[in-house]
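Report on one structure; see the data block that follows.
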Amino acid sequence: MWQWIKDTWRQSRDLASKYATPPSGAATDEEQAFLEEVFATFPFAEEGKQWLQAHIHFKVQDLASANGGGYWDPSRDLVFLYTAQYEAAIHELAHAWWHPRRIGQEEAMMRATIRLSEESDPRYRRTQQLAYGYIHGIPEQNWPGMLIERNDWEMYAGLASGMMADLRLVPPYVRAFYDGLFTLLPDDAPSPAQQARHG
């Protein structure tokens, strides 16, 4: 009887492993080089770079493409990108950074996003429009937005990638949430997104 149970368990485990996602493991040299390129191209703070290097696994499926897409899997501390796109990298790295820091900050992040959606300062027009969609949805696309789901984590990551890590594109009441992750550039510094080789 016990042998049958052990054999059945082993067979089930072997079958499940065929369909399981490959283990995250350490980044390859090429993946690590891309992560360092993201850190060098965009104004990530030293604290953010060090924390991300120490606490996440970073994988890229196709380093030869920049089409985008990816996900953050907190159960494995995994940032997984489908391609080597800067915007996707910033977005998913922001998810990883925000995940342990969001507890107790969810409502404040959503309130700041609501306030940004109503911002009239033209310096923040780009992120104001993003925030407006997050809060009010996009009726033409039948999307209710993120506020209805209380989705602070996508607001956070969406604004991070929407500003391409450039804190000058959000007002101070939003910048505060990105302390430690990004560094505020001088007003006369070139846009990192415009200096980047792709989006």
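Each residue of the sequence shown is one higher than the one before, counting from 0 in numbering that gives the first Met the number 0.
By construction, the Cβ of each residue, glycine as well, lies at the ideal position given by its N, Cα and C atoms.
Asked                                                                                                                 : Found
Residues that W142 bridges to, as DSSP identifies them                                                                : I137
N-terminal and C-terminal residue of the beta strand (DSSP E) that Y81 is part of                                     : 77-82
Expected contact under 8 Å - CB spacing of W179 and E46 to nearest Å                                                  : One detail in the question is off: residue 179 reads as Gly in this sequence, not Trp. About 4 Å separates the two Cβ atoms, so the contact holds.
Helix, strand or coil at S16 [DSSP, three-state]                                                                      : Unreliable placement is indicated for S16, whose pLDDT of 38 sits below 50; the coordinate value is still reported in the next sentence. It is helical.
Neighbourhood of A111 by C-beta distance below 6 Å, restricted to the same chain and skipping five residues each side : Y172, V173
Local Cβ density within 10 Å of W142, reported as buried at 16 or more and exposed below that                         : exposed
Bounding residues of the alpha helix (DSSP H) (the contiguous stretch that carries H94)                               : 85-97
Segment limits, alpha helix (DSSP H) that includes H56                                                                : That residue, H56, is in no alpha helix (DSSP H); its beta strand (DSSP E) goes 56-61.
Buried or exposed by the 16-neighbour rule on C-beta atoms within 10 Å, applied to I134                               : buried
Whole runs of the alpha helix (DSSP H) within the segment 117-192, excluding any shorter than 4 residues              : 124-135, 151-161, 171-174
Counted within 10 angstroms of its Cβ, other Cβ atoms place A53 as buried (16 or more) or exposed                     : exposed
W50 - partner residues in DSSP beta bridges                                                                           : None; W50 has no bridge partner.
Alpha-carbon to alpha-carbon, P138 and P42                                                                            : 34 Å
Local conformation of F43 per DSSP, three classes                                                                     : strand
Contact set for A87: own chain, Cβ-Cβ below 8 Å, skip 5 residues either direction                                     : G67, G68, G69, L80, Y81, S160
Any 3 or more C-beta pairs closer than 8 Å across the segment 27-37 and the segment 53-62                             : yes
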